[in-house]
Amino acid sequence: MNEAAIVIRQLCKKFGSNEVLHKINLEVAQGEATCIIGPSGSGKSTLLRCLAFLEEADSGTIEVYGQALGFSEDPSGRRVRLPASSLHAVRAKVGMVFQQFNLWPHMTALGNVSEALKSVRGLSRAAAEECAMIQLRKIGLGERASYYPAQLSGGQQQRVAIARALALEPRIMLFDEATASLDPELTGEVLNVMRALANDGMTMVIVTHEIGFAASIGRKIAFLDKGRVLLAGAPKDIFRGPRHPRMEQFLDTYLDRGAAMLI
Amino acid sequence: MRFDFALVESRLPEIFHALGVTLFMWIIGLIGASALGFLVAVARRFGPRSLSAALGVYVELFRGTPFLIQLFILYFGGPYVGLSLEAIPAGLVGLSVYGAAYFSEIFRAGFEAVPIGHVEAGECVGLNRVQIVRRILLPEMAMLVLPAGVNMAIILMKETAVMSVITVPELTLTISAIGTEFYAFVESLFLLALFYWGLVEICGWLGQVTERRFSRFRLVEA
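Protein chains in written order, with my numbering: chain A, 36 to 298; chain B, 14 to 235.
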């Protein structure tokens, strides 16, 4: 296994009295795609949102390339909130793609991709737009640079959202059910972009319901159930028998979605 | 009709001056009302709960009473509590405070309508709080509240007529005075209505042009 990009230790998160994540331990290896699967409400999206620091865990730690994200534990085990500068430095290594795309509707595709290059990186408008164009061409949307999100298809919007994250050259990309709100015929173009990224050696954490895609792209699969990592390992160990009974039950619901072919 | 346009012609400079006063009261009042309304909306959203409750009472009071009465109390009652304002400043303050109560509600709804994911996307690419408000929240909110804002602007335009009761020399006061002078009440009121209608049409048209500009990036269901 390669160097660890992300190390999650004993991560817990509650919403009120509802324990969404229970002592999660997980490592994400550098240069590999790690897929998180599991039934709805199993905590996979919350886990990913903790990695993007959109949710703050209640206890436990997350390390990104050896640096603590948001909180660290002092020698006595007490949680210490880290200063904003440290948080920014760690978050800058991570790019996030959302299920709902979350493009800014008042900016063109080019504007969406170049915004942070201008206001966070401090590039000039011309330089930022040049960088953004390179990213848009990479995902095959160079011609759509001047279009507003409302003028793009769902698949195109999600590809722009991927380009927006990639423009900041993150070392890790997080995907939160990136194809779940797309028509089946549009998921392919987004999955292809993700596959190309994986082939380039991008470190990725992918929360997905596309079990077939997870099995083919993931070097590691984590199966979450009721806020716990029930199984984690290489796809063949997870998907080929003898399977965990809970996994068996979960896969049953996917048999009609093509997962059967690879089992 | 006894209203002779030649008579009006002789008073045209006065009427144009009054038109200028109406526009001035409206535009400054509109800027005051929207700016104050924005501050109230921000304070209610991000401020402490007690402040939010107090501002809630303000909104209810000023939406719940007629502008005419608010203006009377400010102009004639103000001096009793040490607040002596000339007619024009009193009109501006009155219109701003009255309009702000409505605008704060418009902005509050606008804040709530911007999807939280758009803010999160900004956080994820490293935008700071100020940049998120300036680059994402405000522009998105602006296009969401535009129709309601134009509506409010039109209402405030017509409310400026109420200022005639505290002697602001605007259109209503001036033209009805001319009407009284020539015993031509119906004609002068008719002329007055035409003036307001024209102004409102221009305002509505401006709103439509702006909305059309915004329509190409209106919010879509993701």
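Glycine included, C-beta positions come from ideal geometry on N, C-alpha and C.
- Task: Scan the region 114 to 154 of chain A and note each continuous beta strand (DSSP E) run of 3 residues or more that stays entirely inside, going in chain order.
- Result: 114 to 116, 129 to 132
- Item | Span of the beta strand (DSSP E) around Ala64 of chain A | 53 to 64
- Message: Going by the DSSP bridge assignment, what does Thr69 of chain A pair with across the sheet?
- Response: A:Val240, A:Lys255
- Kindly confirm or deny that the region 167 to 184 of chain A and the region 147 to 157 of chain A touch, where touching means at least three C-beta pairs closer than 8 Å. yes
- Let me know the alpha helix (DSSP H) ranges lying completely inside the region 171 to 215 of chain B, each 4 residues or longer, listed in chain order. 184 to 194
- Item | Residues of its chain near Thr187 of chain B, where Cβ-Cβ distance is below 7 Å and the 5 sequence neighbours each way are ignored | Glu27, Ile28, Ala31
- What are the start and end residues of the alpha helix (DSSP H) that includes Ile174 of chain A? Segment: none, Ile174 of chain A is in no alpha helix (DSSP H) and carries neither H nor E.
- Message: Under DSSP, the beta strand (DSSP E) around Glu98 of chain A begins and ends at which residues?
- Response: 94 to 99
- Message: Along the region 189 to 200 of chain A, where does the CB come closer than 8 Å to a CB of chain B? Name the residues.
- Response: Gly189, Gln192, Ala196, Arg199, Ala200
- Task: Closer than 8 Å, Cβ to Cβ, to anything on chain B: give me those residues from the region 166 to 185 of chain A, in chain order.
- Result: Tyr183, Pro184, Ala185
- Minimum C-alpha distance to Arg230 of chain A - residue among A:Cys70, A:Leu187, A:Leu82: A:Cys70
- Quick one: what does DSSP say Gly268 of chain A is sitting in, helix, strand or coil? strand
- Residues of its chain near His131 of chain B, where Cβ-Cβ distance is below 6 Å and the 5 sequence neighbours each way are ignored: Ile149
- So, does the CB of His244 of chain A fall closer than 8 Å to a CB anywhere in chain B? no
- Query: At a Cβ cut of 9 Å, what residues of the region 133 to 146 of chain B count as close to chain A, listed as they run along the chain?
  - Reply: Glu133, Ala134, Gly135, Glu136, Cys137, Val138, Gly139, Leu140, Asn141, Gln144
- Mind checking Gly88 of chain A: buried by the 16 CB within 10 Å criterion, or exposed? The question names Gly, yet the displayed sequence has Phe at residue 88 of chain A. With 16 or more Cβ atoms within 10 Å of its Cβ, Phe88 of chain A is classed as buried.
- Sorted by chain position, which residues of the same chain lie with C-beta nearer than 8 Å to Gln83 of chain B's C-beta, five sequence neighbours on each side aside? Phe75, Gly107, Val110, Tyr111
- Task: Label Gly123 of chain B either buried or exposed according to how many other C-beta atoms from any shown protein chain fall within 10 Å of its C-beta, with 16 as the threshold for buried.
- Result: buried
- Tell me which same chain residues have a C-beta within less than 8 Å of the C-beta of Leu145 of chain A, skipping the five on either side of it? Glu164, Ala167, Met168, Leu171, Ala180, Ser181
- Taking only beta-carbon atoms, is Met156 of chain B less than 8 Å away from chain A? yes
- Does any C-beta atom of chain A lie closer than 8 Å to the C-beta of Glu153 of chain B? yes
- Message: Against chain E, which members of the region 140 to 156 of chain A pass a CB distance test of less than 7 Å?
- Response: This model lacks chain E altogether; the protein chains it does include are A and B.
- Query: Leaving out the 5 sequence neighbours to the left and right, which residues in its chain are closer than 7 Å to Glu234 of chain B when beta-carbon positions are compared?
  - Reply: Interpretation of Glu234 of chain B is limited by its pLDDT of 40, a score under 50 that renders its predicted location unreliable; the figure taken from the coordinates is listed afterwards. So the list is empty, once near-sequence residues are dropped.
- Query: What does Gln102 of chain A touch in chain B if you count any residue whose Cβ is under 9 Å from its own?
  - Reply: Ordered by position in chain B, no residue passes the 9 Å Cβ test against Gln102 of chain A, which lies about 16 Å from the chain.
- Message: So, with DSSP's three-state summary, where would you put Ser23 of chain B?
- Response: helix
- Message: To the nearest angstrom, how far is the alpha carbon of Ser97 of chain B from that of Val34 of chain B?
- Response: 21 Å
- Message: Does Ala31 of chain B come out as helix, strand or coil in the three-state DSSP assignment?
- Response: helix
- Specify the secondary structure class of Ala215 of chain A as computed by DSSP and reduced to three states. coil
- Item | Assigned secondary structure, Leu209 of chain A (DSSP; H/G/I helix, E/B strand, else coil) | strand
- Do you know offhand how far Leu207 of chain B's Cα is from Ile86 of chain B's? 30 Å
- Task: Tell me, please, which residues DSSP counts as bridged to Arg44 of chain A.
- Result: A:Thr96
- Query: What did DSSP end up calling Ser117 of chain B once you bin it into helix, strand or coil?
  - Reply: helix
- Item | Neighbourhood of Ala188 of chain A by C-beta, 7 Å cutoff - its chain only, sequence neighbours within 5 removed | In the sequence as displayed, the identity of residue 188 of chain A is Ser instead of Ala. Once the five neighbours on either side are set aside, the close Cβ partners of Ser188 of chain A are Leu221.
- Grab the span of the beta strand (DSSP E) containing Ser107 of chain A for me, first residue to last. 106 to 108
- Query: Is any beta-carbon of chain B found at less than 8 Å from that of Met131 of chain A?
  - Reply: yes
- Item | Chain-order list of residues whose beta-carbon lies under 8 Å from that of Gly177 of chain A (same chain, five-residue window excluded) | Met168, Leu171
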